[in-house]
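Asks: Have a look at this one.
Number of protein chains: 2
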Amino acid sequence: MTTTKRIPLIPARGRGIGKEDEELARLAKALGHPARVAIVRLLLARGECVCGGIVDRLPLAQATVSQHLKVLKEAGLVEGEIDGPRVCYCAAPEAVERLSHLIQALIETKGRT
Amino acid sequence: MTTTKRIPLIPARGRGIGKEDEELARLAKALGHPARVAIVRLLLARGECVCGGIVDRLPLAQATVSQHLKVLKEAGLVEGEIDGPRVCYCAAPEAVERLSHLIQALIETKGRT
DNA sequence: CCGTTTTATCGTATATTTACGATTAACGAT
DNA sequence: ATCGTTAATCGTAAATATACGATAAAACGG
Chain Z
2 MTTTKRIPLI PARGRGIGKE DEELARLAKA LGHPARVAIV RLLLARGECV CGGIVDRLPL
62 AQATVSQHLK VLKEAGLVEG EIDGPRVCYC AAPEAVERLS HLIQALIETK GRT
Chain U
2 MTTTKRIPLI PARGRGIGKE DEELARLAKA LGHPARVAIV RLLLARGECV CGGIVDRLPL
62 AQATVSQHLK VLKEAGLVEG EIDGPRVCYC AAPEAVERLS HLIQALIETK GRT
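Going down the list, the protein sequences come from chains Z and U. Taking the working numbering as reference, the numbering of the first sequence is continuous, increasing by one, and the terminal residue is 114. Taking the working numbering as reference, the numbering of the second sequence is continuous, increasing by one, and the terminal residue is 114.
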């Protein structure tokens, strides 16, 4: 069998998919895992939290939590600041609000052609 | 190498991850792809739309769009009703609102221990 | 400088997602 | 009955995500 390369017909956003759709999807995707929602909730509740504190509260290994934190950081939903040997994480409420806003705007698409 | 089976330490939601986290994640994940956001937006804008109409407006093959529609349907974000040889899809705004509400509630976690 | 603590990263196994063409199924019209 | 149209499903390739143990890296205390 000849190994056929699969590439989307059009490199994405070739009309029909807008900038906002991509931003919304990016943020939603980052929250698209229960562990990550739990992490954000935890950080919002406590204001801030050391990585180890998060690990203690979740049924996941340290490496896994670290990876989820990385995803959240890349999406801008969480920020981490080094504090001695540990890292102090805190949620970025603006980013969560941004997501909320984008969804609200999506809802308000209703009726627009 | 002995093939070791990987199973999460605790079958998920073993404390630390709540019901709401899972629901939010489930909905967010469904919107976690640009094409699916675009589809929902399109359906909200037009009120309803035949599958083919969606295919025409996106840079994706029919099979791919159908698969995205399936994901959206399973998440309850979209409903489809058979209409002769075609299927008439429409968005389920309540589900989008539900997501919006869950995110809002997440934000309001701020400060709670 | 050495050990401890804390977190990130590497390596890896497995599962899921994403995309497509091809095929099937369901319907209306002829 | 057969044909054309429409949409779902199958099969499959490739990419990404998820999880873990093991190891590396950074910082502090002694």
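Idealized CB from N, CA, C, for every residue including glycine.
Checking 8 Å against the spacing of the C-beta atoms, do residue 107 of chain U and residue 73 of chain Z come in under that value?
Replies: Going by C-beta atoms, residue 107 of chain U is not nearer than 8 Å to residue 73 of chain Z.
Asks: Would residue 33 of chain Z and residue 30 of chain U qualify as a contact pair, given that the criterion is a beta-carbon distance under 8 Å?
Replies: Against a cut-off of 8 Å, the Cβ pair of residue 30 of chain U and residue 33 of chain Z comes out as a contact.
Asks: Show which residues of chain U have a CB atom less than 9 Å away from the CB atom of residue 86 of chain Z.
Replies: The premise fails here: residue 86 of chain Z is roughly 24 Å from chain U at the closest Cβ pair, so nothing lies under 9 Å.
Asks: Among U:38, U:28 and U:49, which one has its Cα closest to the Cα of residue 91 of chain U?
Replies: The candidate whose alpha carbon is nearest that of residue 91 of chain U is U:49.
Asks: Can you name the residues of chain U whose CB is closer than 7 Å to the CB of residue 25 of chain Z?
Replies: Neighbours of residue 25 of chain Z on chain U, chain order: 32 and 38.
Asks: Would you please verify whether the beta carbon of residue 59 of chain Z is less than 8 Å from any beta carbon of chain U?
Replies: Yes, residue 59 of chain Z lies at the interface with chain U (some Cβ there is under 8 Å from its Cβ).
Asks: Please list, in chain order, the residues of the region 92-105 of chain Z that have any C-beta partner in chain U closer than 7 Å.
Replies: Within the region 92-105 of chain Z, the residues whose Cβ lies closer than 7 Å to some Cβ of chain U are 94, 97, 98, 100, 101, 104 and 105, listed in chain order.
Asks: Quick one: give me the first and last residue of the beta strand (DSSP E) that residue 87 of chain Z is part of.
Replies: Its beta strand (DSSP E) spans residues 87-92.
Asks: Under 7 Å Cβ to Cβ from residue 39 of chain Z, same chain only, skipping five residues before and after it: list those, please.
Replies: Excluding sequence neighbours, residue 39 of chain Z sits near 59.
Asks: Strictly below 7 Å CB to CB, what residues from chain U border residue 17 of chain Z?
Replies: Simply 39, 58, 59 and 60.
Asks: Cβ of residue 41 of chain U within 8 Å of Cβ of residue 79 of chain U?
Replies: The answer is yes: Cβ separation under 8 Å.
Asks: Check the Cβ of residue 111 of chain Z against every Cβ in chain U and list those closer than 9 Å, keeping chain order.
Replies: Those are 45, 46, 48, 92 and 94, listed as they occur along chain U.
Asks: Name the chain U residues whose beta carbon is nearer than 7 Å to that of residue 29 of chain Z?
Replies: Simply 29, 32 and 33.
Asks: Looking at chain U, is there any beta carbon in it that lies within less than 8 Å of the beta carbon of residue 83 of chain Z?
Replies: No, its Cβ sits nowhere closer than 8 Å to a Cβ of chain U.
Asks: So, using beta-carbon positions, are residue 104 of chain Z and residue 100 of chain U closer together than 8 Å?
Replies: Going by C-beta atoms, residue 104 of chain Z is nearer than 8 Å to residue 100 of chain U.
Asks: Put residue 54 of chain U into one of helix, strand or coil per three-state DSSP.
Replies: Here residue 54 of chain U sits in helix by DSSP.
Asks: Can you name, in chain order, every residue of its own chain whose Cβ lies under 8 Å from the Cβ of residue 36 of chain Z, other than the five neighbours on each side?
Replies: So the qualifying residues of the chain are 59, 61, 65, 66 and 69.
Asks: Quick check on DSSP: helix, strand or coil for residue 82 of chain Z?
Replies: Strand.
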